[in-house]
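Participant: To get my numbering, take the position in the sequence shown, counting from 1, and add 1474.
Once you've had a glance at the structure underneath, I'll fire off some questions.
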Amino acid sequence: MKRKRLVILGVTLCFILAVALLFTSGGKKKEDTAETKEPEETKVEMEEEMITIEFWSWNNEGDYPYVHEDAEKRFEADHPNVDVKREYISYTEYLVKVKAVLVGEEAPDVFQIPWAGEYTELARSGKLLPMTGPLKTGFPDFFDNVMNAISVDGDAWAVPLDLNTLQIAYNMDMFDEYGLEIPKSIDELISLSEKLADKGKFGIAIGTKDLWAGADVFFAQVAYTDPTHTKMAMADAGKISWNSPELTQAAKNAEKLIKAGVFAPGANSMDAFVGSKNLFVQQQAAMFYPVGNFVTGGITADTEGVFSYSLFPFPPIKKGDEMLPTGGVAEMFVVAKDGKNIDTAIDFLRYMTNDDGKDALVKYDYIPSSNYKGSMADLSDLYKNMLDAQSKAQSRVVYNTQVYSAAMNGMQGLFGGDLTAQGFIDSLVAAAK
1475 MKRKRLVILG VTLCFILAVA LLFTSGGKKK EDTAETKEPE ETKVEMEEEM
1525 ITIEFWSWNN EGDYPYVHED AEKRFEADHP NVDVKREYIS YTEYLVKVKA
1575 VLVGEEAPDV FQIPWAGEYT ELARSGKLLP MTGPLKTGFP DFFDNVMNAI
1625 SVDGDAWAVP LDLNTLQIAY NMDMFDEYGL EIPKSIDELI SLSEKLADKG
1675 KFGIAIGTKD LWAGADVFFA QVAYTDPTHT KMAMADAGKI SWNSPELTQA
1725 AKNAEKLIKA GVFAPGANSM DAFVGSKNLF VQQQAAMFYP VGNFVTGGIT
1775 ADTEGVFSYS LFPFPPIKKG DEMLPTGGVA EMFVVAKDGK NIDTAIDFLR
1825 YMTNDDGKDA LVKYDYIPSS NYKGSMADLS DLYKNMLDAQ SKAQSRVVYN
1875 TQVYSAAMNG MQGLFGGDLT AQGFIDSLVA AAK
């Protein structure tokens, strides 16, 4: 009997011990589960946190917004927690606003930047993120001349999206109707404009209110007055004076065209892509300058079914010489050094320049700044024209900010009749000191 009680007592103790161990183990297991879940919940919260990338550009004309939107949609699809907020600002206000927000450290995450004049100034401002390192990972191999164009003081500062050439658009139907041909020299261009005036039409519509368009008239002449294609770069670097014979002659040629009435009146009061373009699409002017793939989409949309157009470069001084367009980097973007979303901003730029991004560029007649491996079977005649021009394009860039500003303002003075060709050159010399 005593032995039986001991057995029962032992069984009871074992049962109590088992229950105690079960509760202890269960409590510990629950504790471990809570500890395990905590970082997972934190991860979910982090993934759901929305990030807004601010993107600025002045190119709201043509098809650039579609290219930007394409990158935005692809990026947001792969990054559900990112919202790309695009804002377009008119070019006349753009740089003023950019410089203001950079001073106030409220800059957008990604923003377009001009590749001449102001580019060097902004690259040295200390407000931009050097891109030399980031460009080595996940970006295409940009063409060597493009890398040279975006490099300042040994560092790359921008992500180049595409390339362009600047040419004169002309109304093919109007040329056919009036029996006109593409001019092969400056004198032929002047004669052509006189014939158009007899028909009640303007020659070349141009808007110099934006300043840069006028400067490009000068650069277009330098392509011919300097057969070495080195003088402007040498003057920009301070190796020679801006009053060299080649550059002075370019200014005189521009003045000759202006005085001969080649350009539609009121250039200084018109925007490059609004008033002047309207003169062309409304067939008041037979030609329009400057035109590249940055605006062809808009022109095509406005003229489709009305008239056909194509492009040719400013003609040379002497008939028979090769016709040379000007060109270089078109759109390029930078990242704010003190931005809140630097890594995300850089990643977005990778989407803009990857193979899918290049497909979007080619779809809208833009020329990628790196090798394109997609199909080119269905290219339009206009796109083939621009591709052909790209291989001949001469420089249209001045990096010295003061000189570039003087060139823009000086050409506006020439168009307004307030400055002579020599006065224009003198202003460049003074700005370079």
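Just so it is clear, CB atoms sit at the ideal spot from N, CA and C, and this is done for glycine as well.
From residue 1773 to residue 1857, what does the alpha carbon distance come to, in whole angstroms?
Facilitator: 14 Å
Participant: Around the C-beta of residue 1641, are 16 or more other C-beta atoms found within 10 angstroms, so that it is buried, or is it exposed?
Facilitator: buried
Participant: Using beta-carbon positions only, say whether residue 1800 and residue 1741 come within less than 7 Å of one another.
Facilitator: No, Cβ-Cβ distance for residue 1800 and residue 1741 is not below 7 Å.
Participant: Name the two residues that bound the continuous beta strand (DSSP E) containing residue 1645.
Facilitator: First-last of the beta strand (DSSP E) with residue 1645: 1636-1645.
Participant: Span of the beta strand (DSSP E) holding residue 1780?
Facilitator: Residue 1780 -> no beta strand (DSSP E), and no H or E assigned at all.
Participant: Taking Cβ positions, are residue 1791 and residue 1660 nearer each other than 7 Å?
Facilitator: Contact flag set, yes.
Participant: My understanding is that residue 1861 touches residue 1698, with C-beta atoms under 8 Å, so please give their C-beta distance in whole angstroms.
Facilitator: Not a contact, Cβ separation roughly 22 Å.
Participant: What three-state label does DSSP hand residue 1588 in the structure shown?
Facilitator: coil
Participant: I'd like the ranges of any alpha helix (DSSP H) spanning at least 4 consecutive residues and lying wholly in the segment 1719-1801.
Facilitator: 1719-1733, 1749-1755 and 1770-1777
Participant: Write down the C-beta distance between residue 1585 and residue 1808 rounded to the nearest angstrom, noting that I regard them as a contact closer than 8 Å.
Facilitator: 6 Å
Participant: What distance in whole Å lies between the Cβ atoms of residue 1525 and residue 1575, which are believed to be in contact at a cut-off of 8 Å?
Facilitator: Their Cβ separation, rounded to whole angstroms, is 19 Å, which puts residue 1575 and residue 1525 out of contact at 8 Å.
Participant: When the Cα atoms are used, what is the spatial distance from residue 1550 to residue 1558?
Facilitator: 7 Å
Participant: Considering only DSSP beta bridges, list what residue 1842 is partnered with.
Facilitator: 1636
Participant: Count the other C-beta atoms from every protein chain shown that fall within 10 angstroms of the C-beta of residue 1435, then say buried if there are 16 or more, exposed otherwise.
Facilitator: The first residue shown for the chain is 1475 and the last is 1907, placing residue 1435 beyond what the model contains.
Participant: Please go through the same chain and pick out, in chain order, the residues whose beta-carbon is closer than 8 Å to the beta-carbon of residue 1544, but skip the five residues on each side of it.
Facilitator: 1830, 1831 and 1834
Participant: Start and end of the beta strand (DSSP E) containing residue 1698?
Facilitator: Unbroken run through residue 1698 is the alpha helix (DSSP H), 1686-1699; no beta strand (DSSP E).
Participant: Rounded to the nearest angstrom, what separates residue 1692 and residue 1767 at their Cα positions?
Facilitator: 20 Å
Participant: Mark residue 1535 as exposed unless 16 or more other C-beta atoms lie within 10 angstroms of its C-beta, in which case mark it buried.
Facilitator: buried
Participant: Would you call residue 1854 buried or exposed, if buried means 16 or more other Cβ atoms sit within 10 Å of its Cβ?
Facilitator: exposed
Participant: Can you tell me whether DSSP reads residue 1564 as helix, strand or coil?
Facilitator: coil
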